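Engineer: One structure, as structure tokens, below. Some questions next.
Number of protein chains: 2
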Amino acid sequence: MALIVHKYGGTSMGSTERIRNVAKRVAKWHRAGHQMVVVPSAMSGETNRLLGLANELAPAKRGDAFDRELDMLASTGEQVSVGLLAIALQAEGIDAISFAGWQVPIKTSATHTKARIESIDDARVRGELAAGKVVIITGFQGVDSNNDITTLGRGGSDTSAVAVAAAMKADECLIYTDVDGVYTTDPRVVEDARRLARISFEEMLEMASLGSKVLQIRSVEFAGKYKVPMRVLSSFTPWDIDINEEAKSGTLITFEDTEVMEKAAVSGIAFNRDEAKVSLLGVSDTPGIAYKILGSVADANIDVDMIIQNLSKDGRTDFSFTVHRNDYAKTIDLLNNKVAGELGAQEVTGDAKICKVSVVGIGMRSHAGVASKMFRALSEEGINIQMISTSEIKVSVVIDEKYMELAVRALHRVFDLDQDNSTDAI
Amino acid sequence: MALIVHKYGGTSMGSTERIRNVAKRVAKWHRAGHQMVVVPSAMSGETNRLLGLANELAPAKRGDAFDRELDMLASTGEQVSVGLLAIALQAEGIDAISFAGWQVPIKTSATHTKARIESIDDARVRGELAAGKVVIITGFQGVDSNNDITTLGRGGSDTSAVAVAAAMKADECLIYTDVDGVYTTDPRVVEDARRLARISFEEMLEMASLGSKVLQIRSVEFAGKYKVPMRVLSSFTPWDIDINEEAKSGTLITFEDTEVMEKAAVSGIAFNRDEAKVSLLGVSDTPGIAYKILGSVADANIDVDMIIQNLSKDGRTDFSFTVHRNDYAKTIDLLNNKVAGELGAQEVTGDAKICKVSVVGIGMRSHAGVASKMFRALSEEGINIQMISTSEIKVSVVIDEKYMELAVRALHRVFDLDQDNSTDAI
Chain A
0 MALIVHKYGG TSMGSTERIR NVAKRVAKWH RAGHQMVVVP SAMSGETNRL LGLANELAPA
60 KRGDAFDREL DMLASTGEQV SVGLLAIALQ AEGIDAISFA GWQVPIKTSA THTKARIESI
120 DDARVRGELA AGKVVIITGF QGVDSNNDIT TLGRGGSDTS AVAVAAAMKA DECLIYTDVD
180 GVYTTDPRVV EDARRLARIS FEEMLEMASL GSKVLQIRSV EFAGKYKVPM RVLSSFTPWD
240 IDINEEAKSG TLITFEDTEV MEKAAVSGIA FNRDEAKVSL LGVSDTPGIA YKILGSVADA
300 NIDVDMIIQN LSKDGRTDFS FTVHRNDYAK TIDLLNNKVA GELGAQEVTG DAKICKVSVV
360 GIGMRSHAGV ASKMFRALSE EGINIQMIST SEIKVSVVID EKYMELAVRA LHRVFDLDQD
420 NSTDAI
Chain B
0 MALIVHKYGG TSMGSTERIR NVAKRVAKWH RAGHQMVVVP SAMSGETNRL LGLANELAPA
60 KRGDAFDREL DMLASTGEQV SVGLLAIALQ AEGIDAISFA GWQVPIKTSA THTKARIESI
120 DDARVRGELA AGKVVIITGF QGVDSNNDIT TLGRGGSDTS AVAVAAAMKA DECLIYTDVD
180 GVYTTDPRVV EDARRLARIS FEEMLEMASL GSKVLQIRSV EFAGKYKVPM RVLSSFTPWD
240 IDINEEAKSG TLITFEDTEV MEKAAVSGIA FNRDEAKVSL LGVSDTPGIA YKILGSVADA
300 NIDVDMIIQN LSKDGRTDFS FTVHRNDYAK TIDLLNNKVA GELGAQEVTG DAKICKVSVV
360 GIGMRSHAGV ASKMFRALSE EGINIQMIST SEIKVSVVID EKYMELAVRA LHRVFDLDQD
420 NSTDAI
């Protein structure tokens, strides 16, 4: 008997018929003798419907009080899902009970719409499991120290599931989604993209942070921090598929890297159209300048991704960074109205029509030349590179958005990802 | 400066446009210097949508675990409303904050789908009011001692509003609805029905319990117990109507009955198609028989309204009572499978196609002959009376459902309710 966490995305919960299928699948796992905790997302479309209503009524100036109410509103989508799934399980003859985040409780920071999980008290959940029940917990949400409902941001249900699995030391966290695993790149862009049977935690972290939408990055961070075995698999296989076959399907996220040396240099190509580039031109190149710029940005709760500072010339330098595209206008305003003046910058510029393309691979550590091979491939396609950022296991470039598909296909080809040359390839 | 509670029904909250109007109306009251607490219902149609989803998935056998999940589900409708109304008030430039029942907290019994309010802690609400905010609280719901969400049953938002007004010793509780007050009877059935400017608490209690849908009966009980001044008025007057005019509109529920002697004998005709009649025929007429029958019914959480025991004949008697029509099948099952056998009853019968028609008036106390006038009027229309029940200020009869409109119109006429012969008539 194992303790298993299942997470189902919004598409998998998209209708009563689909919820019934989720219930049948969970019932199968429960009947196989496992203790089951299930974390469903809101029914697909529901969060957008709720936020649409909020947008119709929203004040021109949004602040913390507004974000608090957005969380009050948006968190209902998951509450509907857990209630319906519990009912569907009861119809299958399974004892099931649902909890909202505040009932567990899942305690979070107070940053509405972007809260972070701080602690999970699993006493009540364990009690219900011990009583033979399937426990269903709302994804995406928690409660802060004021007793206010918080949400974790888009895709937060993955994080909820992994955090619950970590807190309860679950044997495995299965992320059921509308794709059947992690691919070398998005199959909608590259026809020859292949599913990976396994991917290392480090690679998955890069893939998630670089724009692969399969998993929310914080869920991967959680999985890594607590070594939660995690698998991405399809919720659209028939629910009565053999449980042993199902348990081996999809893509497993692994924590060992004993076989790294044998692995191909590059495992996948990620891309991301969600970012925007902003630049402060002609700022004085004095110590602490980066801190002064990014400190103001962080204080405004804007996350920064890539950061580049040019070589200084005549005591002045250019400073560029990328932010989420939703934060672009806010960032430009902040730089224009506050930061640029304080630092004596000559100009603020920006571009929201960029994309980031990355090659990722844990084998890159031991293979030289990945970056140069990547730059050459892009150059051969006539694509200009605007920013570069590297880590031990990835190389990312920012390019004009219009070249995205072209770049991804070229890189998928030059790194032989369409060839079955890896033990992890399917 | 007064502390005012506003309650808005589902129709008043039925679209973002209507929510915006509610916000403008509340803002007007707030700007006039009042401390405002607002209790909105779920957007019209939302509770039915949620329960419809639950019904599609429901198990054949429903029990407490199912009801708990129904409450989890149904309570989201009001949570959406409070979030949206807070946002709409913020857009009007008013500081507003919303609370779910568990956040206040509004503590209730653990009887899911039919919980009763036990206590309200107003500390956090008072704190927010003192900080100048409009406080918006979910109607219809609370939290039990297990930290589980409960709901108060259909129309429970009225009860929530009055209970909050009582706990906070509010100066007045205004119930905004889609009708402009309490009428002598339902204007959809009797064209000449007139609005009452005032109605005594006792009459309102009878009207509510007898089927007038204007107010939920428990809200009237609460108002009476704590002497909460309560007014029923229309949410469809323009929001910018003069506040002093608005404050005097609708129907006031009063607690003085100093003018009773001058009042007309009958204030209104109520009717109710929500009941069903069940009978146990030929039970031994021994002491404690009524307790044995109704004890089993109460244990099954079925509310009983009228109760009639026939004269005994040969040591056997017939015992009839009415229940809510939704409980009819459950009651018949209970009697057939348990009670009839235990008590040696000869037969269980029932009829769901009945209606109850009542004449109500605090003046009835001092006027003889109301009952006989009522029975004669029904007799002249050829309507057979199946059950009779009386109290100090009302006479109710159960008749065949098909005669309902005929009976109501006849009674409205014979008691001169279409004539403006009362100081309270409009």
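Chains A and B supply the protein sequences, listed in that same order.
Residue numbering for the first sequence is 0 to 425, as defined by numbering that gives the first Met the number 0.
Residue numbering for the second sequence is 0 to 425, as defined by numbering that gives the first Met the number 0.
The beta carbon of each residue, even a glycine, is placed where N, CA and C say it ideally should be.
For clarity, every value in this text was computed on a predicted model and none was experimentally measured.
So is Lys-6 (chain B) buried or exposed if we call it buried at 16+ other beta carbons inside 10 Å?
Structural biologist: The residue labelled residue 6 (chain B) in the question sits at position 7 within the second sequence. With 16 or more Cβ atoms within 10 Å of its Cβ, Lys-6 (chain B) is classed as buried.
Engineer: Determine contact between the stretch 55 to 68 of chain A and the stretch 41 to 52 of chain B, defined as no fewer than three beta-carbon pairs at a distance below 8 Å.
Structural biologist: With the cut-off at 8 Å, the stretch 55 to 68 of chain A and the stretch 41 to 52 of chain B do not touch.
Engineer: Nearest CA to the CA of Val-163 (chain B): which residue from B:Thr-107, B:Val-4, B:Ile-307 and B:Met-386?
Structural biologist: On the second sequence, residue 163 (chain B) is found 164 positions in, with the first residue counted as 1. Answer by Cα proximity: B:Val-4.
Engineer: Would you list, in chain order, the members of the stretch 61 to 82 of chain B that have their beta-carbon closer than 9 Å to a beta-carbon of chain A?
Structural biologist: Under the 9 Å Cβ criterion, the stretch 61 to 82 of chain B contributes Arg-61, Gly-62, Ala-64, Phe-65, Arg-67, Glu-68, Leu-69, Asp-70, Met-71, Leu-72, Ala-73, Ser-74, Thr-75, Gly-76, Gln-78, Val-79, Val-81 and Gly-82.
Engineer: With distances taken Cα to Cα, identify the nearest neighbour of Ala-289 (chain A) among A:Gly-281, A:Glu-274, A:Ala-299 and A:Gln-308.
Structural biologist: Numbered from 1 along the first sequence, position 290 holds the residue referred to as residue 289 (chain A). If we check each option's Cα against that of Ala-289 (chain A), A:Gln-308 comes out closest.
Engineer: First and last residue of the beta strand (DSSP E) that includes Ile-353 (chain A)?
Structural biologist: As a first step, residue 353 (chain A) must be located in the first sequence, where it is residue number 354. Run containing Ile-353 (chain A): 353 to 359, per the beta strand (DSSP E) assignment.
Engineer: Give the interface partners of Thr-15 (chain A) over in chain B, defined as CB-CB distance under 7 Å, in chain order.
Structural biologist: On the first sequence, position 16 is the one that residue 15 (chain A) refers to. Leu-52, Glu-55 and Leu-56, listed in chain order.
Engineer: Throw me the rounded Cβ distance for the Ser-252 (chain B) and Met-203 (chain B) pair, which I believe falls under 8 Å.
Structural biologist: Sequence index remark: in the second sequence, residue 252 (chain B) carries index 253 (1-based). Sequence index remark: in the second sequence, residue 203 (chain B) carries index 204 (1-based). The question names Ser, but residue 252 (chain B) is Ile in the sequence shown. Contact holds; Cβ gap of about 5 Å.
Engineer: If you follow the alpha helix (DSSP H) that Ala-403 (chain A) is part of, which residue opens it and which one closes it?
Structural biologist: Within the first sequence, the letter at position 404 stands for residue 403 (chain A). Checking the displayed sequence, the identity of residue 403 (chain A) turns out to be Met instead of Ala. That run of the alpha helix (DSSP H) goes 403 to 413.
Engineer: What residue does the alpha helix (DSSP H) around Leu-18 (chain B) start on, and which one ends it?
Structural biologist: The residue given as residue 18 (chain B) occupies position 19 in the second sequence. Note on identity: in this sequence residue 18 (chain B) is Ile, with Leu being the wrong assignment. Ile-18 (chain B) -> alpha helix (DSSP H) spans 15 to 30.
Engineer: Between the C-alpha atoms of Val-259 (chain A) and Thr-149 (chain A), what's the straight-line distance to the nearest angstrom?
Structural biologist: As a working note, residue 259 (chain A) is residue 260 in the first sequence. As a working note, residue 149 (chain A) is residue 150 in the first sequence. Model confidence at Val-259 (chain A) stands at a pLDDT of 47, short of 50, so the residue's coordinates are unreliable; what they give is reported in the following sentence. For Val-259 (chain A) and Thr-149 (chain A), the distance between alpha carbons rounds to 40 Å.
Engineer: Would you please verify whether the beta carbon of Gln-140 (chain A) is less than 8 Å from any beta carbon of chain B?
Structural biologist: Within the first sequence, the letter at position 141 stands for residue 140 (chain A). By this cut-off, Gln-140 (chain A) is not an interface position.
Engineer: Select from the stretch 122 to 149 of chain B all residues with a C-beta closer than 7 Å to any C-beta belonging to chain A, and list them in chain order.
Structural biologist: Listed in sequence order: Asn-146.
Engineer: DSSP has Glu-346 (chain A) in a bridge; who is on the other side?
Structural biologist: The count along the first sequence starts at 1 and reaches residue 346 (chain A) at position 347. Paired residue(s): A:Leu-280.
Engineer: Can you check DSSP and say which residues form a bridge with Arg-197 (chain B)?
Structural biologist: Position 198 of the second sequence holds residue 197 (chain B). Arg-197 (chain B) pairs with B:Leu-251.
Engineer: For Asp-120 (chain B), tell me which candidate among B:Glu-68, B:Val-21, B:Ile-105 and B:Ala-130 has the shortest Cα-Cα distance.
Structural biologist: Counting from one through the second sequence, the residue named residue 120 (chain B) turns up at place 121. Answer by Cα proximity: B:Ile-105.
Engineer: For the candidate residues B:Thr-75, B:Ala-130 and B:Glu-346, whose alpha-carbon lies nearest to that of Met-35 (chain B)?
Structural biologist: Here residue 35 (chain B) refers to the residue found at position 36 when the second sequence is read from its first residue. Here the closest residue by C-alpha is B:Ala-130.
Engineer: Helix, strand or coil: which one does DSSP assign to Asn-146 (chain B)?
Structural biologist: As a position in the second sequence, residue 146 (chain B) is number 147, starting the count at 1. If DSSP states are grouped into helix, strand and coil, Asn-146 (chain B) belongs with coil.
Engineer: Rounded to whole angstroms, what is the Cα-Cα separation between Lys-426 (chain A) and Leu-214 (chain A)?
Structural biologist: The shown model of chain A, from 0 to 425, leaves out residue 426 (chain A), and the question about it has no answer.
Engineer: Under DSSP, the beta strand (DSSP E) around Thr-112 (chain B) begins and ends at which residues?
Structural biologist: The residue labelled residue 112 (chain B) in the question sits at position 113 within the second sequence. Looking at the DSSP string, Thr-112 (chain B) is not in any beta strand (DSSP E), and its letter there is neither H nor E.
Engineer: Just grab the DSSP bridge partners of His-323 (chain A) for me.
Structural biologist: The residue you call residue 323 (chain A) lines up with position 324 of the first sequence. Paired residue(s): A:Glu-274.
Engineer: With respect to the alpha helix (DSSP H) encompassing Leu-56 (chain B), which residues constitute its N-terminal and C-terminal limits?
Structural biologist: Stepping through the second sequence from its first residue, residue 56 (chain B) is reached at position 57. Note, Leu-56 (chain B): alpha helix (DSSP H), 45 to 56.
Engineer: May I have the straight-line CA-CA distance separating Ile-174 (chain A) from Lys-329 (chain A), to the nearest angstrom?
Structural biologist: The residue given as residue 174 (chain A) occupies position 175 in the first sequence. The residue given as residue 329 (chain A) occupies position 330 in the first sequence. Going from the Cα of Ile-174 (chain A) to the Cα of Lys-329 (chain A) covers about 34 Å.
Engineer: Val-218 (chain A): buried (16+ other C-beta within 10 angstroms of its C-beta) or exposed?
Structural biologist: For the purposes of this step, residue 218 (chain A) is taken as residue 219 along the first sequence, with counting starting at 1. Note that residue 218 (chain A) is Ser in the sequence shown here, rather than Val. Buried.
Engineer: Answer with buried or exposed for Thr-348 (chain A), where buried requires no fewer than 16 other C-beta atoms within 10 angstroms of its C-beta.
Structural biologist: Stepping through the first sequence from its first residue, residue 348 (chain A) is reached at position 349. Thr-348 (chain A) comes out exposed.
Engineer: Starting from Tyr-182 (chain A), follow its DSSP beta bridges and name the residues at the other end.
Structural biologist: By 1-based counting over the first sequence, the position of residue 182 (chain A) is 183. Bridge partners of Tyr-182 (chain A): A:Arg-194.
Engineer: Can you name, in chain order, every residue of its own chain whose Cβ lies under 6 Å from the Cβ of Asp-326 (chain A), other than the five neighbours on each side?
Structural biologist: Residue 326 (chain A) sits at position 327 when you count from the first residue of the first sequence. Same-chain partners within the cutoff: Ile-301.
Engineer: Look at Leu-280 (chain A) and Glu-346 (chain A) and say whether their C-beta atoms are less than 8 Å apart.
Structural biologist: If you number the first sequence from 1, residue 280 (chain A) lands on position 281. If you number the first sequence from 1, residue 346 (chain A) lands on position 347. Closer than 8 Å, so yes.
Engineer: Output yes or no for whether 8 Å exceeds the beta carbon distance between Ile-216 (chain A) and Ser-208 (chain A).
Structural biologist: Translated into positions along the first sequence, residue 216 (chain A) becomes position 217. Translated into positions along the first sequence, residue 208 (chain A) becomes position 209. Yes, Cβ-Cβ distance for Ile-216 (chain A) and Ser-208 (chain A) is below 8 Å.
Engineer: What does the alpha-carbon distance come out to for the pair Ala-409 (chain A) and Val-397 (chain A)?
Structural biologist: Counting from 1 along the first sequence, the entry for residue 409 (chain A) is found at position 410. Counting from 1 along the first sequence, the entry for residue 397 (chain A) is found at position 398. Looking at the two C-alpha atoms, the distance is approximately 15 Å.
Engineer: Using DSSP with H/G/I as helix, E/B as strand and the rest coil, what is Met-0 (chain B)?
Structural biologist: The residue labelled residue 0 (chain B) in the question sits at position 1 within the second sequence. In the structure shown, Met-0 (chain B) sits in coil (DSSP, three-state: anything other than H, G, I, E or B).
Engineer: Looking only at its chain, what residues have a beta carbon closer than 7 Å to the beta carbon of Val-189 (chain A), apart from the 5 residues adjacent to it on each side?
Structural biologist: Within the first sequence, the letter at position 190 stands for residue 189 (chain A). Closer than 7 Å at Cβ, skipping near neighbours: Val-407, Arg-408 and His-411.
Engineer: What residue ranges within the stretch 280 to 309 of chain B form continuous alpha helix (DSSP H) runs of no fewer than 4 residues, ordered along the chain?
Structural biologist: Correct list: 288 to 298.
Engineer: Please compile the residues from chain B whose C-beta is within a distance smaller than 7 Å of the C-beta of Ser-97 (chain A).
Structural biologist: As a first step, residue 97 (chain A) is located in the first sequence; it is residue number 98 there, counting from the start. Simply Glu-68 and Met-71.
Engineer: State buried or exposed for Glu-16 (chain A), treating a residue as buried only when at least 16 other CB atoms are found within 10 Å of its CB.
Structural biologist: Within the first sequence, numbered from 1, the residue matching residue 16 (chain A) stands at position 17. Exposed, because fewer than 16 other Cβ atoms sit within 10 Å of the Cβ of Glu-16 (chain A).
Engineer: Less than 8 Å between the C-beta atoms of Arg-230 (chain A) and Thr-250 (chain A), yes or no?
Structural biologist: Position 231 of the first sequence, counted from the start, is the residue given in the question as residue 230 (chain A). Position 251 of the first sequence, counted from the start, is the residue given in the question as residue 250 (chain A). A contact, by the Cβ cut-off of 8 Å.
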